[in-house]
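Read in order, the letters of the sequence shown are residues 1443 to 1731 in the numbering used here.
Where is the CB? At the ideal position from N, CA and C, for every residue including glycine.
I have placed the structure first, in the form of structure tokens, so that the comments after it can refer back to it.
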Amino acid sequence: MKKIFTLACAAIAAISFNANAADIWAMPGTYNGWSLENNLFEEVDGVLTQKIAEIKGDFKVVKYTDEVKNWDIAWGVAAAGDIVEANKDVALTFNGANANLPAGKVLKNVTVTIVPGADNALTIKFAPESIEDEQEAWYLVGEAPLEWNFNDNTIMTKAGDNVYTKTVDAATADKFTFKVDKNGAWSNCYVLPEGVEAVELGQEYELVGPADSPNNMHIAADWTNVTVTVTIDGEKVKMVCTAGEGAIEAIEADNTPAIYFNLMGQRVANPENGVFVRVQNGKATKVIL
């Protein structure tokens, strides 16, 4: 009887081992477009580890199998905005919020190690060869022809000190949704203040953020070839949208007022005797007055 029981236990253990062996551990995040297929952990001498050339922003650790590939088994942090410091063993939270690496920093040539434990416990450690200051970048993310992702298709062009622009070269329907983001992290999104229903072309707005806001922005009317201009004024983030070929709703392109900014990103009501950034008819250009 004891022998049968022992064999049964061995069989159960073998089944458990095979199930665990089929587990796939991934680390999706802003740095890889939240992909479950890339940046997988490998078991090396009993340790789950991977090497990443460069990482910043927010992430999660996800466990799945080839048969069931979803986000149901995932780890983050206890509260939104919590930071995971480098070179420390950090306990993650099962079903927690997106974890964030230190703001404004880029980890280079990083060895990432995770250690699963009992009762859904999981610790993680980032061991980078170096930590560098991040170069500031602004993104316009949204529905097609944009993307809900941070890449070359959504990055804004720097038009001057603290001035960033992006033109969406397409006819886009009413309710087209988008956000402004700093440095490619969902926790750094900026949107309209509460109570503002939609963006009016030619009007300047002070956006609310940074936060991982569930809200999106949209233009009040259908439009084509709109340029979004963001200026940074200290802690304030201001936005103006102008139509390139005119909004479909009877806004003519040649009637779109010109808006001027100095090279520090500050709006100038009556520009004269200097170099300015002029935003008009969907284009941002440097001009000398």
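Leaving out five residues before and five after residue i in sequence, what residues of the same chain have Cβ atoms less than 7 Å from its Cβ?
| i | result |
| --- | --- |
| Thr1599 | Tyr1606, Thr1607, Lys1608 |
| Ala1579 | Ile1597, Asn1625, Gly1626 |
| Gly1523 | Asn1542, Ser1629 |
Within the same chain, show all residues whose beta-carbon is closer than 8 Å to that of residue i, passing over the 5 residues directly before and after it, in chain order.
| i | result |
| --- | --- |
| Lys1678 | Glu1648 |
| Val1710 | Tyr1702, Phe1703, Asn1704, Phe1718 |
| Asp1465 | Lys1505, Tyr1506, Thr1507 |
| Val1548 | Glu1496, Ile1497, Lys1498, Ile1573, Glu1574, Asp1575, Glu1576 |
| Glu1639 | Ala1662 |
| Glu1479 | Ala1468 |
Could you tell me which residues DSSP pairs with residue i in its beta bridges?
| i | result |
| --- | --- |
| Asn1542 | Asp1500, Ile1525 |
| Phe1568 | Val1554 |
| Met1659 | Phe1620 |
| Met1598 | According to DSSP, Met1598 bridges with nothing at all. |
| Tyr1473 | In DSSP, Tyr1473 forms no bridge with anything. |
| Leu1634 | According to DSSP, Leu1634 bridges with nothing at all. |
| Ile1674 | Val1679 |
| Asp1575 | Lys1547 |
| Gln1645 | In DSSP, Gln1645 forms no bridge with anything. |
| Val1510 | Answer by DSSP bridge pairing: none, since Val1510 is not bridged. |
| Gly1518 | Thr1535 |
| Ala1560 | Ala1560 pairs with nothing; no bridge assigned. |
| Trp1580 | Lys1624 |
| Leu1588 | In DSSP, Leu1588 forms no bridge with anything. |
| Glu1485 | Leu1490 |
Can you tell me the Cα-Cα spacing of residue i and residue j, whole angstroms?
| i | j | result |
| --- | --- | --- |
| Gly1644 | Gly1471 | 35 Å |
| Trp1467 | Cys1631 | 28 Å |
| Ala1563 | Asn1704 | 52 Å |
| Gly1716 | Ile1701 | 15 Å |
| Val1504 | Val1670 | 35 Å |
| Ala1689 | Val1641 | Residue placement at Ala1689 is flagged as unreliable, the pLDDT there being 36, under the threshold of 50; the coordinate-derived value follows with that caveat. Approximately 12 Å between the Cα atoms of the pair. |
| Glu1636 | Ala1495 | 39 Å |
| Ala1545 | Thr1666 | 35 Å |
| Gly1676 | Asn1657 | 23 Å |
| Ala1601 | Asp1561 | 52 Å |
| Glu1589 | Asn1595 | 7 Å |
| Trp1476 | Asn1529 | 23 Å |
| Gly1538 | Ala1521 | 7 Å |
| Glu1484 | Thr1555 | 10 Å |
| Ile1515 | Gly1559 | 14 Å |
| Trp1517 | Val1668 | 39 Å |
| Ile1525 | Asn1712 | 44 Å |
| Ala1695 | Val1721 | Below a pLDDT of 50, predicted positions are generally treated as unreliable, and Ala1695, at 41, falls in that range; the measurement from the model is reported next regardless. In a straight line, the C-alpha of Ala1695 is about 12 Å away from that of Val1721. |
| Asp1487 | Thr1553 | 15 Å |
| Ser1629 | Glu1714 | 39 Å |
| Phe1592 | Val1622 | 11 Å |
| Leu1582 | Gln1492 | 31 Å |
| Glu1527 | Pro1570 | 11 Å |
| Lys1567 | Ala1653 | 25 Å |
| Trp1513 | Phe1536 | 12 Å |
| Asn1551 | Tyr1473 | 13 Å |
| Lys1680 | Val1519 | 31 Å |
How close, in whole Å, do the beta carbons of residue i and residue j come, if the pair is a contact with beta carbons under 8 Å?
| i | j | result |
| --- | --- | --- |
| Leu1543 | Lys1498 | 6 Å |
| Glu1646 | Val1682 | 5 Å |
| Met1659 | Thr1684 | About 15 Å; that fails the 8 Å criterion. |
By Cβ distance below 6 Å, which residues in the same chain neighbour residue i in space, the five residues on each side in sequence not counted?
| i | result |
| --- | --- |
| Met1469 | Asn1481, Phe1501, Val1503 |
| Thr1565 | Asp1531, Ala1533, Val1557 |
| Leu1490 | Trp1467, Phe1483, Ile1556 |
| Glu1509 | none |
| Gly1651 | Cys1631, Tyr1632 |
| Gly1584 | Thr1619, Phe1620 |
| Ser1655 | Cys1631, Val1633 |
Could you check if residue i belongs to the surroundings of the ligand NAP, using beta carbon to heavy atom distance under 7 Å?
| i | result |
| --- | --- |
| Ala1569 | Ligands in the displayed structure: none, and consequently the ligand NAP is not present. |
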